[in-house]
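A.B. asks: Residue numbers (numbering that gives the first Met the number 0), protein chains in the order written: chain A, 0 to 196; chain B, 0 to 196; chain C, 0 to 196; chain D, 0 to 196. Every residue gets a Cβ at the ideal spot worked out from N, C-alpha and C, and that includes glycine. Remember, it's a predicted structure, so these values are computed and weren't measured experimentally.
4 protein chains.
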Amino acid sequence: MEYSFQITYFCTVDKREQIILAAMKLLCEKGVQATPMSAIAKAANTGMGTIYNYFPTKEALINGIYLHIKTAEILVMDTALDETKSLKLRFFHFYTAFVHYYLKYPYSFAFMDQFHSSPVILEETREAGKANFLPVIELLTDGQKQGLIKEMELESLLQFLSGTINTFVRWLQTKPAKQREVLLKQQLRMVWDAIKE
Amino acid sequence: MEYSFQITYFCTVDKREQIILAAMKLLCEKGVQATPMSAIAKAANTGMGTIYNYFPTKEALINGIYLHIKTAEILVMDTALDETKSLKLRFFHFYTAFVHYYLKYPYSFAFMDQFHSSPVILEETREAGKANFLPVIELLTDGQKQGLIKEMELESLLQFLSGTINTFVRWLQTKPAKQREVLLKQQLRMVWDAIKE
Amino acid sequence: MEYSFQITYFCTVDKREQIILAAMKLLCEKGVQATPMSAIAKAANTGMGTIYNYFPTKEALINGIYLHIKTAEILVMDTALDETKSLKLRFFHFYTAFVHYYLKYPYSFAFMDQFHSSPVILEETREAGKANFLPVIELLTDGQKQGLIKEMELESLLQFLSGTINTFVRWLQTKPAKQREVLLKQQLRMVWDAIKE
Amino acid sequence: MEYSFQITYFCTVDKREQIILAAMKLLCEKGVQATPMSAIAKAANTGMGTIYNYFPTKEALINGIYLHIKTAEILVMDTALDETKSLKLRFFHFYTAFVHYYLKYPYSFAFMDQFHSSPVILEETREAGKANFLPVIELLTDGQKQGLIKEMELESLLQFLSGTINTFVRWLQTKPAKQREVLLKQQLRMVWDAIKE
DNA sequence: AATGAATGAGACTTCATTCAT
DNA sequence: GATGAATGAAGTCTCATTCAT
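(1) Using the three-state DSSP reduction, which class does Glu120/D fall into: helix, strand or coil?
(2) Let me see if you follow: with CB-CB separation under 8 angstroms, is Asp13/A close to chain B or not?
(3) Ile39/C and Ala59/C: beta carbons closer than 8 angstroms?
(4) Could you tell me which of Met36/C, Gln32/C, Val31/C, Ile18/C sits nearest to Ala43/C, measuring between CA atoms?
(5) Within 8 angstroms (strictly less), CB to CB, does Ser161/A reach chain B?
(6) Check whether the region 92-109 of chain C and the region 163-170 of chain C are in contact - that is, three or more C-beta pairs closer than 8 angstroms.
(7) So which residues on chain A does Gln32/B lean against when the C-beta distance must stay under 7 angstroms?
(8) Quickly, what does DSSP pair Ile272/B with across the bridge? List them, please.
(9) Quick check: what's the CA-CA separation for Leu153/B versus Val98/A?
(10) Please classify Arg202/D as buried or exposed, where buried requires at least 16 other C-beta atoms within 10 Å of its C-beta.
(11) Count the other CB atoms, across all protein chains shown, that sit within 10 Å of the CB of Thr140/B; report buried if there are 16 or more and exposed otherwise.
(12) Asn52/A: buried (16+ other C-beta within 10 angstroms of its C-beta) or exposed?
(13) For Met23/A, would you say it is in contact with chain B, using Cβ-to-Cβ distances shorter than 8 angstroms as the test?
(14) According to DSSP, what are the bridge partners of Lys195/A?
(15) Could you please give the first and the last residue of the uninterrupted alpha helix (DSSP H) stretch that includes Asp112/C?
(16) Tell me the DSSP secondary structure of Gln178/A in three-state form.
(17) In the region 94-117 of chain D, which residues sit with their C-beta less than 7 angstroms from some C-beta in chain C, listed in chain order?
(18) Going along chain B in order, which residues have a C-beta closer than 8 angstroms to the C-beta of Ala193/A?
(19) Can you say whether Gln172/D is buried or exposed, counting buried as having 16 or more other CB atoms within 10 angstroms of its CB?
(20) Is it right to say Gly146/D is buried, meaning 16 or more other beta carbons lie within 10 angstroms of its own, or is it exposed?
(21) Relative to the C-alpha of Phe110/C, which residue among Leu25/C, Lys84/C, Arg15/C, Lys87/C is closest?
(22) Could you confirm whether any beta carbon from chain C is found closer than 8 angstroms to the beta carbon of Met151/D?
(23) Grab me the residues of Asp112/B's own chain with a C-beta within less than 7 angstroms of its C-beta, minus the 5 sequence neighbours each way, in chain order.
(24) Just to confirm before moving on: does the CB-CB distance between Phe114/C and Tyr65/C stay below 8 angstroms?
(25) Going straight from the alpha carbon of Gln185/C to that of Gly128/C, what length do you get?
(26) Drop a sphere of 10 angstroms on the beta-carbon of Leu156/B, count the other beta-carbons inside from all chains shown, and report buried for 16 or more, exposed for fewer.
(27) In angstroms with no decimal places, state the Cα-to-Cα distance between Pro134/B and Val190/B.
(28) Entirely within the region 23-71 of chain D and at least 4 residues each: give me those alpha helix (DSSP H) ranges in chain order.
(29) Please state whether DSSP places Glu82/C in a helix, a strand or coil.
(30) Report yes if the C-beta distance between Glu72/B and Tyr100/B is below 8 angstroms; otherwise report no.
(31) Taking any Cβ of chain A, which residues in the region 54-78 of chain B have a Cβ under 7 angstroms from it, in chain order?
(32) With a Cβ-Cβ cutoff of 8 angstroms, do Gly30/A and Pro118/B count as a contact?
(33) At the level of alpha carbons, what is the spacing between Gly46/B and Met36/B?
(34) Residues of chain B with CB under 7 angstroms from Phe132/A, in chain order?
(35) Interface residues of chain C around Thr166/D at Cβ under 9 angstroms?
(36) Can you give me the Cβ contacts of Thr124/A inside the same chain, cut-off strictly under 7 angstroms, excluding the 5 residues immediately before and after it?
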């Protein structure tokens with residue numbers, strides 16, 4: 000009885016997320032053209048029409064997934080930035096949190112890896128996803144003011160960092176879990192050396 | 000007669016590249032699902048059937064483009080690595096050559112950016128593209144032996160470098176040409192600081 | 000209390016007609032395939048399920064509208080035929096009443112215009128709609144007996160008349176209201192000349 | 000050999016007409032919603048995609064059929080109007096030709112009957128179909144100038160005539176062929192009496 | 001070798017209908 | 001009785017691929 004209640008609850012409340020998760024998995028594994036909406040419906044345990052109650056088109060679904068991930072990223076960063084710590088430590092926390100987040104949700108990472116520069120993602124959607132960077136921007140400008148971080152264009156720094164994170168995570172996924180912390184330390188050293196004054 | 004020969008020559012010899020270039024452009028701008036073979040044929044000024052004389056399927060064409068780009072990359076690197084120069088200079092040359100190459104062929108870059116982690120690219124194709132890295136590997140191991148470059152896993156260094164290049168070029172494309180050399184210098188400084196001992 | 004009663008009254012008693020009127024409008028303006036049941040429900044201010052309490056299928060709804068209009072036509076004709084007047088006058092009254100009725104309810108007219116020969120209307124429904132013609136038949140046979148109307152097959156006369164009415168009304172709708180009475184007189188003259196002995 | 004050539008000729012040249020004829024038949028018999036494009040393709044002996052080489056949408060196909068019929072009507076009328084005959088005779092010839100045409104092509108007639116006032120037919124298409132009326136207009140104005148035909152708005156006359164033709168043909172189709180000429184004479188008498196001065 | 005009309009499998013999407021609330 | 005989210009069968013349409021020219 001208890002169990003059947005759980006099921007009902009899950010089905011009615013979280014249908015949208017069910018769909019997003021199922022679609023994300025399939026899109027990562029097979030690619031856009033190889034995952035028909037019917038397959039997503041089956042994987043999400045819904046009727047095909049139900050998906051269209053939440054997303055008007057397949058493209059809208061993909062953009063929806065993009066935003067879903069970007070929104071989740073924000074939460075990670077907010078918790079990672081503890082203002083009482085030293086700047087270098089805060090930077091390491093932030094970088095580590097990001098890496099851990101993507102290691103924990105490999106489909107989110109794989110999805111972003113595949114779609115971040117795909118024409119399927121609308122400019123509008125991309126813009127909406129940029130809010131996340133605000134706390135990092137603050138961190139970096141603080142660092143520059145304190146003379147700890149190189150005096151260069153902020154955007155340049157941001158691009159550099161996000162590029163290193165993506166490539167690093169993709170590579171880390173191929174490594175056994177027990178080596179990862181060591182490799183992360185090496186990476187942090189390289190990245191910090193790169194941006195520090 | 001002369002004229003008709005020219006036409007024939009043009010059609011038979013260059014048709015494969017015509018197709019690749021037209022397809023690359025469309026795939027970058029519209030995405031896979033939004034560029035039918037008929038559109039590629041029209042853009043390449045050929046019949047649809049002609050494409051199938053060179054590539055057995057659409058997927059094969061996409062993988063063909065991938066290899067076409069990877070092959071061109073090799074040439075860049077070979078010319079960039081002049082063994083008489085100092086190691087740091089050779090590194091700078093290599094990095095600069097790569098950046099310039101992608102700035103010069105933005106569709107090649109956009110294509111790799113979009114497809115490098117797409118399931119459409121077969122594992123087999125990916126393997127074939129890895130040969131390019133050999134000269135860089137040599138450069139980095141040399142550096143490590145000479146105590147100039149951090150003693151860490153080679154693959155780790157490679158991943159780090161390719162990640163920084165991709166993100167950097169993507170960002171550089173949004174900047175006016177006259178600023179680019181300055182920004183490249185900043186980037187080189189960051190990257191070298193990151194990997195140097 | 001009063002208020003809530005009103006609401007209830009409105010909802011239960013008139014719901015069927017609400018639905019018929021909303022559906023008629025939409026079907027005329029958009030056509031069958033372009034008016035989903037959901038659109039009808041919205042226009043009728045009901046839930047989609049409510050429609051199915053009154054009509055088992057969409058086809059049944061369309062046939063229901065057909066009969067609704069045919070039933071209303073009867074009322075018009077009954078009042079138009081005052082047996083104390085001369086036969087010509089009675090004919091004019093009947094024809095005029097019909098024209099006025101359709102001018103007053105343009106959606107009824109447009110609906111019949113569109114569906115009178117559509118395969119969606121079942122033969123059964125068509126039969127049920129034919130009762131209306133009885134008073135007209137009587138009028139015409141009377142006229143033939145009195146030597147006022149041409150001696151020809153009754154059905155032939157009926158078809159002729161209904162054809163002229165439909166086309167005339169469709170055309171009259173495009174004319175400003177103030178011209179209509181003059182045009183109706185012209186039409187009556189033509190029609191009467193056509194059928195009179 | 001000869002025969003097989005004929006077949007080939009038929010298939011390549013007339014594919015568009017094949018489709019129109021098959022579609023017209025099905026649409027008349029089943030209605031729009033009950034005739035899927037797949038059924039039309041099967042009836043026309045083509046692949047479904049072939050239809051879309053000639054008509055971009057189902058709606059365009061229906062509009063195409065409308066124009067196809069309207070175009071055929073013109074031919075009928077041109078041959079029917081022999082300027083050396085008396086005006087009354089010319090009118091009878093025109094009316095008779097029209098009736099015979101629709102009796103000969105019952106699907107053309109049934110199609111027009113069902114779609115002439117359907118929202119599926121675009122205003123644009125309707126306009127294009129109006130050219131046909133020119134010869135008839137000429138005939139009627141001639142008649143008015145000669146004092147043979149009632150002095151009333153031309154459009155009024157046209158609407159009246161087309162209304163009578165449609166209804167008459169629809170009814171005639173239910174009659175055995177041998178009675179038709181007699182009934183046509185009755186009809187001509189009624190119509191002429193209606194419009195003559 | 002080059003072509004592109006023809007093809008039909010299969011994609012996306014709609015919508016009549018149901019049923020739990 | 002009223003509702004509308006959920007459903008999936010079935011529709012329209014696309015497009016990779018073929019093959020006769």
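C.D. replies: Let me lay it out:
(1) Here residue 120/D turns out to be Ile, not Glu, going by the sequence shown. In this structure, Ile120/D counts as coil in the three-state DSSP scheme.
(2) no
(3) no
(4) Ile18/C
(5) yes
(6) yes
(7) Val31, Gln32
(8) Chain B is shown only over 0 to 196; residue 272/B falls outside these bounds and no answer can be derived.
(9) 20 angstroms
(10) Residue 202/D cannot be examined here, being either before or after the span of chain D that is shown, 0 to 196.
(11) exposed
(12) exposed
(13) no
(14) Ile148/A
(15) 105-114
(16) helix
(17) Asp112, Gln113, Ser116, Ser117
(18) Met189, Val190, Asp192, Ala193
(19) exposed
(20) exposed
(21) Leu25/C
(22) yes
(23) Asn165, Arg169
(24) yes
(25) 29 angstroms
(26) buried
(27) 18 angstroms
(28) 36-43, 47-53
(29) coil
(30) yes
(31) none
(32) yes
(33) 10 angstroms
(34) What Phe132/A touches in chain B: nothing, since even the nearest Cβ is about 13 angstroms away.
(35) Gln158, Phe159, Leu160, Ser161, Gly162, Thr163, Asn165, Thr166
(36) Asn62, Tyr65, Leu66
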